[in-house]
Each structure stands twice: as structure tokens, then as C-alpha cells.
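Undergrad:
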Amino acid sequence: MRLTRREFAQSGLATGVAAALPTGLFSACSVSSNAAGAANSAPLATSRNMRFDSACEIPFPKNFFWGMATAAYQIEGSWKEDGKGESIWDRFAHTLGKIKNGDTGDVACHSYHRWQEDIALMRTMNLNSYRFSISWPRIQPSGSGPVNPKGVDYYSRLVDALLEARIRPFVTLYHWDLPQALEDAGGWPDRDTASHFADYVELIAGILGDRVSDWTLFNEPAAFTYRGYLQGELAPGRENIVDFLRATHTVNLAQGAGFRALKATRPSARVGTALSMSACEPATDSEENELAAERAHAITNLWFLEPALNCRYPEAFTFFPETAMRIKSGDLDKMKAPLDFIGINLYYRTIASAPTAIERFSHAQQWLFPVKMVGGEQGPKTDMGWEVWPQALYDTVMRITRDFNHPVIEITESGCSYNDGPDAGGMIRDTRRIEYHRQYLQAVAHAIADGADVRGYHAWSLMDNFEWAEGFSQRFGLTYVDFKTQQRTIKESGRWYAKVVAGNKLPASVG
Ligand code: FCB
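First residue of the sequence shown: 3, per the numbering used here; consecutive thereafter.
#1: Quick check on the burial criterion: 16 or more other C-beta atoms within 10 angstroms. Buried or exposed for P151?
#2: Grab me the residues of V149's own chain with a C-beta within less than 7 Å of its C-beta, minus the 5 sequence neighbours each way, in chain order.
#3: Using the Cα positions of H112 and W91, report the straight-line distance between them to the nearest angstrom.
#4: Would you call the CB atoms of Y516 and D245 closer than 8 Å?
#5: Do the segment 156-176 and the segment 210-218 touch if we need at least three Cβ pairs shorter than 8 Å?
#6: With H, G and I counted as helix, E and B as strand and the rest as coil, what does DSSP make of D291?
#7: May I ask you to report which of helix, strand or coil DSSP gives G99?
#8: Along the alpha helix (DSSP H) that carries Q489, what are the first and last residues, could you check?
#9: Out of H460, Q182 and R240, which one is the CA nearest neighbour of K100?
#10: Between the C-alpha atoms of R457 and R362, what's the straight-line distance to the nearest angstrom?
#11: Which same chain residues end up closer than 7 Å to E78 when comparing Cβ atoms and leaving out the 5 residues on each side of it in sequence?
#12: Could you compute how far the alpha carbon of A263 sits from the alpha carbon of A207?
#13: Short of 7 Å in beta carbon distance, which residues of its chain neighbour G85, apart from the five on each side in sequence? Order them along the chain.
#14: Which residues bound the beta strand (DSSP E) around N254?
#15: If you follow the alpha helix (DSSP H) that I402 is part of, which residue opens it and which one closes it?
#16: Note down the Cα distance separating I344 from P424, rounded to an integer number of angstroms.
#17: Give the DSSP bridge partners of I344, in chain order.
#18: Of all the options F406, P238, S331 and P382, which has the alpha carbon lying nearest to the alpha carbon of Q182?
#19: Would you check if the distance between the CB atom of Y350 and the CB atom of S278 is smaller than 8 Å?
#20: Spatial neighbours of G39 within its chain, please: C-beta separation below 6 Å, excluding the five flanking residues on both sides.
#21: Can you tell which of E290, E437 and T325 has its C-alpha closest to the C-alpha of G496?
#22: Return yes when the C-beta of A73 is under 7 Å from any heavy atom of ligand 1, and no when it is not.
#23: Going by the C-beta, is E437 closer than 7 Å to any heavy atom of ligand 1?
#24: Taking 7 Å as the cut-off, is the CB of S278 close to at least one heavy atom of ligand 1?
#25: CB-CB under 7 Å to K501, same chain, minus the five flanking residues each way: which ones, in chain order?
#26: Would a C-beta distance cut-off of 8 Å place L175 and G189 closer than the cut-off?
#27: Measure the alpha-carbon distance for S463 versus A318 and round it to whole angstroms.
#28: Measure the Cβ-Cβ separation of G260 and L210 and say whether it is below 8 Å.
#29: In the structure shown, what three-state DSSP assignment does E516 receive?
#30: Quick one: what does DSSP say L27 is sitting in, helix, strand or coil?
#31: Compare the Cα-Cα distances from Q489 to each of A447, K330 and E119 and report the closest residue.
#32: Which of the three DSSP states, helix, strand or coil, is assigned to N221?
#33: Give the single residue among T398, D186 and K374 whose Cα lies nearest to the Cα of N303.
#34: Taking buried to mean at least 16 other C-beta atoms within 10 Å of its own C-beta, is T433 buried or exposed?
#35: Could you give the distance in angstroms between the alpha-carbon of T325 and the alpha-carbon of A310?
#36: Any heavy atom of ligand 1 closer than 7 Å to the beta-carbon of Q233?
Printed below as a string of C-alpha cells:
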């Protein structure tokens, strides 16, 4: 049974977490629950009908990773400095009409030069994990061949400084900025890109692997293949279903090859991937909509996970487009990547329904994939228009836990865009962001209590930054960035998060 949003928002989750943690960690919270004590006997419930005392604080497991996330193109700037090659995002953002207000990531947050300031922010917010990405064209300007020593130095210094600050460097190897030279040679739809990726991974593992132990191979492969090759709203801006399908297969091959390359170079590395997930719910309980929701789940959540863990594609389509995807014999085994953890990026839920017969016949794509997907409408919306629905995080973590035999999970991203700016006193009072993270963290605590092995949470984002096609119009940061002066100011949410981290617990909710 699902909790209503209201019930969920009111929940304090103390009993569940208490059941999962050693006794003695808990304050004497009064909890009215019909499931108290049931957490151990039914560890993998889909959801629980539980009411919590919202005045309770919620402790997190010892050694929990409290982090924030960024991506190279979104923060670094210096797009052609020190030998960096052009990426598909440089090219895309420099193409008229692609990005809101003509914004580009040429300067972004200037982190290529201000990384020390950024680490100081992390220290102030008490983080013990920082998820950032490496710009492939900074390392290999044309996507293959020798390394660019200045690019290597930048990441090497960053990693050293993070370690010195006792912050885990959590490296994403690919967060959407493919070297343009590789796009010119065919991009992700071209199989050769997979072996170039593996070479790049091997290089990086050799350079940073003595100091970095936690890696994500890809960030949101479903998002960058779908929105970059089919919808055209992200780089490289293609709109072709065959390109999209082929790109997904190359990325799955690259995930396998990259995994092997990393493990061969650094056998003790912990390697995962960060998937853009969503709880896919049927619009109604009709059989067609239930099936549509399962197809939505397959394409959204499983398309890059089933290949890695089980060497197969999930059933998303009415028929499997094997020929269009150019799957060769032996490919399924090559996709294997027994991930050490599953990274979940989750912001909202998806409501799925089946198209009508007319819709199916009038769009080739809907014939292959007969699903309509929209965001939910019941919860409050962020400035991005995304519904705030913390239950989606709980449901997704529990489903992955159940369906993949209890894997280690990291929440690699979750966050919200609210464009609150400084008040007269220079404070950024983003209380809606505090509420967002409080509720999504409650969802995580709830899932841990119910048996999920979640090791960390990374708020998106450390600071306001370049939000892809939205340019600088959407602020996701827990730090405010004045893009004219590059001045950074920690928002109220950042100060709140710092306290959460310091106490390793969610404080009791006020009001
Ligand atoms: C995710 C991306 C991340 C950021 C957030 C808001 O899909 O991984 O780079 O843009 O959305």
C-alpha cells in the first residue's frame, strides 16, 4: 500500500530506522505505528502504512556518505583553456537557439580556477563525499590518443585537496561531455565509441586510481541518449530513433568495457553507474496502464542495469529492435558489468498510460514503445516544473533492492530548482529546498529501515550552475552563485544540510 503524500510528509520514520540500527542510538521518540517492530520480519516491504511522530529526529547509519554533486561542464568553465578539446556541449551551446537566453558553459562557475573556494564550501557544509565528473576532452582533447598533462594536473590537484579535507572524491567518468571529435566520427551510435571510452577509463584509473576508490562510469545514460539522440534537446541534438537505440547499445557495451578496464587497472576500485530513475506509476489500475508502467520502468530504470547485471535487455518494447540496434553475437556478454553499487539519481515520479489505438498507429515510435509518460500533478512543483514526491525515492530504492537482490545503493543525485535570491541582508532563505531534502532524506531513512542498503546521499548541487538546455535560469544549488561576480554564498539550505551532516541525523521537523 502506498502512503499518501500527506501521510508520508508527516512521517518521522524513527521506528523503522530504529529497527535497522543498533539500539541505544535513539532518543525516546513516541511513535504511533501499526508496524513498529515489523521492520526486521518484513524487511523488503514495498511501502508501509506507518505514522510517525514528526517531532522525532532520525539518525542515519554510521559512516553514511553525506555529499553533494556537480558535473564538469556545468561548473568548470575554461572551455578551451590549457589544451582542453571541444566537447559536444561546447558545440551545442555555441549553436544559436539551443540554450535558453543563449547561455553557455564557457565560464559557468569558473571552478577550473575556483576549485579551492569550492572545497572550502564543502568543508563549511561538513561534507564527507563530493561527486564530480571528469571532462573527457580535458584529458584526451580529441577523445583518443595521449593525455593532456594540464587536464590531468587539474583533477589530480582536486583529488589531493579533497583527500586532505577528508572528503571522499567520488568520480563520474562521463557526465555528458563527449569529445566533439568522437561525435564527428559517429558519436554514441557508433560502436567504436565504446572502446575509446574504455581506453579513457583505463588512463584515468592509472592516473587517479591510487587515490580515488569510488567511481561511477556513466551519469544518466537513459537521459543523455534519449534527450540527446531522440528528443534533440541535449547535445548533440540529434532526433533519430535509430541513433537513439544504437547509442543505448554502445553505452551498454561501453559500460561493460569500462568496468573491465577499471577493474583490470585497479582491482579494489568500487565501480557503479548513476542511473536516472523514477517511480513509474500507472495512470489508472487498468491492465493496459499497468503494462505501460512496467514498460516505462524498463526503459527508464532498467535499460542500463539489466544489461550490466544480467546480460540482457528488459522488456520495454512490443518487439525487440535487435537489428536496428546492431546487436552482434557475443555482445550481451560484453555488456556485463557486475557493479559494486547502483547509483540512483531521482527527482520525481512518472505517470504512465497506454496510448490509444489511433495514437499508436499514427506514430511509429508509439508502435514500438506504446507508453505515454508524464510527471505527477499532485505534489508541489519546483521552478523547473518537477513534482516534489519523496515517496518516489522510497518506492524506487525498495524496488531495486527487491529486484536486484539487495544491492549496495548510493543516492548519487536528488535536488530541486528554486530561484530564491538574496534578501536585503544578503541571506538566501530557500526554505522550500530544506523541505525538499528533508523529505527525500526521510524517504532514504525509511528505505534503510525497510532493508535497503543505501550508503550515501548526494544533493544536487553543491552550487547553482549551468543547467543544460535551461542555461542559468534554474538554480539547484545549496550555495548561491552570483554569475556576474562568481561570488558564492551558502544558502539557508546549505547551513541546514551542514547541521544534518554534523549530527549524522535529520533534525526534528519544525511545524
Ligand atoms: C540531472 C543531471 C544533472 C542536473 C540535474 C538537475 O538529470 O544529471 O546534471 O542537471 O538533473
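Glycine included, every Cβ here is placed at the ideal spot set by N, Cα and C.
TA: In this structure, then:
#1: exposed
#2: I141, Q142 and L205
#3: 16 Å
#4: Nothing about residue 516 can be reported from this structure: the residues present for the chain run from 3 to 513 only.
#5: yes
#6: Note on identity: in this sequence residue 291 is Asn, with Asp being the wrong assignment. DSSP places N291 in helix when its eight states are reduced to three.
#7: coil
#8: Where Q489 is concerned, there is no enclosing alpha helix (DSSP H), although the beta strand (DSSP E) it sits in stretches over Q489 to I492.
#9: R240
#10: 42 Å
#11: A110, S113, Y114 and S137
#12: 8 Å
#13: P143, N150, K152 and G153
#14: That residue, N254, is in no beta strand (DSSP E); its alpha helix (DSSP H) goes I243 to T267.
#15: Q393 to D405
#16: 37 Å
#17: T275 and I411
#18: P238
#19: no
#20: Unreliable placement is indicated for G39, whose pLDDT of 31 sits below 50; no coordinate value is reported for it.
#21: E437
#22: yes
#23: no
#24: yes
#25: P509
#26: no
#27: 31 Å
#28: no
#29: Look at the range of the chain in this structure, 3 to 513, and you will see that residue 516 is not part of it.
#30: With a pLDDT of 26 at L27, under the threshold of 50, the modelled position of that residue is not reliable, and the figure given next carries that caveat. If DSSP states are grouped into helix, strand and coil, L27 belongs with coil.
#31: E119
#32: strand
#33: T398
#34: exposed
#35: 20 Å
#36: no
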